[in-house]
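Protein chains in written order, with this note's numbering: chain E, 1 to 497; chain H, 498 to 832.
Written out as structure tokens, the structure reads:
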């Protein structure tokens, strides 16, 4: 049995954990839920030996243990699969799995023994067949995730921490992962599991603990819980309606139209986008839904086919062309494509408008930035999106995931003239931020803007969108609206060829 | 849309948002950061002036400022490049080449023509770097390493490996003269530093420079022409190197094809000491100038104390290590 007793931890003035107690029975799956910044990652890092608690005790099988470093935590049988993959992309699967615990013959690596050991771990845990001799950078993300888990298993753990293991993988791979988790559980391994998706929690967890503001506010067996109870505990307020209601219905005027549009991934897409509608785009990763978003926003050029804006042919050669017409794009990966990490919130928010030709807060000729106007502009967005910050000067890297995403959306919200394209905008952000985001999207649509909403999370499409198109292998295979739009319909359309 | 049962929570949040969010809170931190290097400089000055009475004399101060001018001018260009997460190794070659071209042309042409040609050399090399990096997509390190080598070779061919003397006296007077304790070349340096710091912090061009260095993909998706921005940044660095080369020619009254060797390393060191980050998105012209001053003071002071030049270069390396170490330390402590 694993027991955390009254753990506290502060970083400077912020108290991340205010005395958290948690008991986990051996051979069970314990889900940890909470919004970003609730302290769940810090708690897991204490257990992983990354952070040392200011006070409190960790008790493993009746004995108090001092987890002063990740290596020592490993020695106590606690191993972690971190949120960000911590793999070496140029090395083989074998090399990655056995990193730091390589078998040797004299001064040389014993590659046969390394292979044998990896293969036996893989077979024992019931993993699907993976090619472990390739450099893992060439494998799909889901396989990398599995290798990360294998690497963790090579440490022979009693307790395994999985920090958002489903964030980067596809729906069908999630069930594969869950099978592996259940299999590990049956072998007596204790699993701590963090996820933002509650339906996943209900699928695999035995019990759930909820953290809020560094305190444990709920700890209960899964049988005694429902989704609403967990969400209410996470938010500390009641959630009547997660997805906001539309005040207006979409218009019947076509804003943007694609005719037999092709890119590398898209294969003859015909699509009309109406004014004031929220159009959902679903499909498994790689089915072309991301390309569709990028195409509409001018990030990806059209290879063949046509695009019309207000019934006039239009061609976006660069993202600037789309921006000039009022079509803006919120990219999929905020870290890689969205924000400027070491620059301030203000600078991030104002960058697109400053890049515009006729920016109102630049002087003529020399293009000095009028600082007051820029600050007011940023101030307005911060209020509009309820971005939580004490200073506009904070570098965006220092903010929580949800707040970062609000900054990325905020960059564009005043720039969107006619169409806002969102590519999976809720990845890895907390429930509160999601709700705020949904509300802003709805407001824009009610004002007559067209929204293209790409999501890998089907309940979101159903909750938010007026109409949903589902892509498979670069083609639109289904269009769902009203009563027809159900989770089953989307999933069966995604499987169509 | 949430119905809030915990109303006190939400009202707290509202009042937080209503008050004007401050822009000033980190001013003190900024000041502290830049003053860390500045106080190291002051400390050095105190130590050296106690150790050697000559150190603080106006003659020596004049000499230090003169010494620092060339490296500082290069550091201005290097600052821009490093903010974009790049590096310009070709600066030293441009110093040599532009000095040689200017000096050769001064023999038979007007000084204006010679200066223009020298500056043009810098622009050409800068444009070449920009082309290699933005169009041919070479990493900045490789592209500028190549142009460093090419530029150095061209300078050797033009002069047959010999120094160029007979610099017109008006140019030499400019290079060595000054007003009071301010050498002309330092005034040129200061004017350029002010100009480029203003551009960096108050104009769109400066903003774009930081944006490209902080996250080039996000910058592109924000509608910036990132290739164009990088091109101009390397053009600026080439131009500043040429200015440095001409100032050096005037100052030493001759042009050596190898005159600029290792200057690129000194300018990089100055930028890094002054708070620039090789990962991009950080750095200021002021910081780099202070960094250059620190290096020049160290070299001058140790010379006065009779420490051998061999030991001096070791000290220089140590200063770079210390500066970046403290910088990292501060960052870890900071946020």
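Where a beta carbon is used, it is the ideal one built from N, C-alpha and C, also for glycine.
Opening and closing residue of the alpha helix (DSSP H) in which residue i lies
i: residue 615(H); result: 608-631
i: residue 564(H); result: 555-580
i: residue 232(E); result: 227-235
i: residue 176(E); result: 171-186
i: residue 590(H); result: 588-603
i: residue 646(H); result: 637-656
i: residue 117(E); result: 111-124
Proximal residues to residue i (C-beta, below 7 angstroms), its chain only, five neighbours per side dropped
i: residue 551(H); result: 557 and 801
i: residue 589(H); result: 645, 757, 758, 759, 760 and 761
i: residue 70(E); result: 48, 49 and 50
i: residue 724(H); result: 631
i: residue 60(E); result: 2 and 76
Under the three-state DSSP convention, the category residue i falls into
i: residue 325(E); result: helix
i: residue 379(E); result: helix
i: residue 518(H); result: Low confidence applies here, because residue 518(H) scores a pLDDT of 45, under 50, leaving its location unreliable and the question unanswered by this model.
i: residue 464(E); result: helix
i: residue 252(E); result: coil
i: residue 426(E); result: coil
i: residue 397(E); result: helix
i: residue 415(E); result: coil
i: residue 779(H); result: coil
i: residue 160(E); result: strand
i: residue 100(E); result: coil
i: residue 819(H); result: helix
i: residue 154(E); result: coil
i: residue 541(H); result: helix
i: residue 668(H); result: helix
i: residue 804(H); result: coil
i: residue 70(E); result: helix
i: residue 243(E); result: coil
i: residue 551(H); result: coil
Selection from the options that minimises the alpha carbon distance to residue i
i: residue 452(E); options: 171(E), 330(E), 357(E) and 180(E); result: 330(E)
i: residue 404(E); options: 348(E), 418(E) and 459(E); result: 348(E)
i: residue 90(E); options: 138(E), 99(E) and 355(E); result: 138(E)
i: residue 252(E); options: 458(E), 361(E), 464(E) and 276(E); result: 276(E)
i: residue 333(E); options: 214(E), 454(E) and 233(E); result: 454(E)
i: residue 305(E); options: 282(E), 338(E), 286(E) and 266(E); result: 266(E)
i: residue 470(E); options: 220(E), 482(E), 457(E) and 493(E); result: 493(E)
i: residue 169(E); options: 146(E), 73(E), 142(E) and 152(E); result: 142(E)
i: residue 254(E); options: 310(E), 180(E) and 31(E); result: 310(E)
i: residue 243(E); options: 442(E), 1(E) and 484(E); result: 442(E)
i: residue 127(E); options: 246(E), 184(E), 157(E) and 61(E); result: 184(E)
i: residue 771(H); options: 562(H), 561(H), 569(H) and 592(H); result: 569(H)
i: residue 687(H); options: 567(H), 818(H), 622(H) and 652(H); result: 567(H)
Residue i - partner residues in DSSP beta bridges
i: residue 262(E); result: 267(E) and 304(E)
i: residue 312(E); result: 309(E)
i: residue 57(E); result: 5(E)
i: residue 752(H); result: 661(H)
i: residue 681(H); result: DSSP, once it has assigned bridges, lists no residue as partnering residue 681(H).
i: residue 368(E); result: 700(H)
i: residue 11(E); result: 14(E)
i: residue 33(E); result: 210(E)
i: residue 481(E); result: 467(E)
i: residue 79(E); result: 160(E)
i: residue 92(E); result: 135(E)
Limits of the unbroken beta strand (DSSP E) element including residue i
i: residue 212(E); result: 207-212
i: residue 219(E); result: 215-221
i: residue 191(E); result: 190-194
Nonlocal neighbours in the same chain, by C-beta distance under 8 angstroms from residue i, ignoring five residues either side
i: residue 326(E); result: 415, 416, 417, 418 and 419
i: residue 154(E); result: 97, 98, 101, 117, 118 and 121
i: residue 406(E); result: 385, 386, 387, 433, 436 and 437
i: residue 378(E); result: 345, 346, 349, 350 and 392
i: residue 520(H); result: Unreliable placement is indicated for residue 520(H), whose pLDDT of 44 sits below 50; the coordinate value is still reported in the next sentence. For residue 520(H), where only same-chain residues beyond five positions count, there are no Cβ hits under 8 angstroms.
i: residue 808(H); result: 799
i: residue 12(E); result: none
i: residue 620(H); result: 732, 735, 736 and 739
Neighbourhood of residue i by C-beta distance below 6 angstroms, restricted to the same chain and skipping five residues each side
i: residue 149(E); result: 81
i: residue 204(E); result: 29, 178 and 181
i: residue 271(E); result: 258
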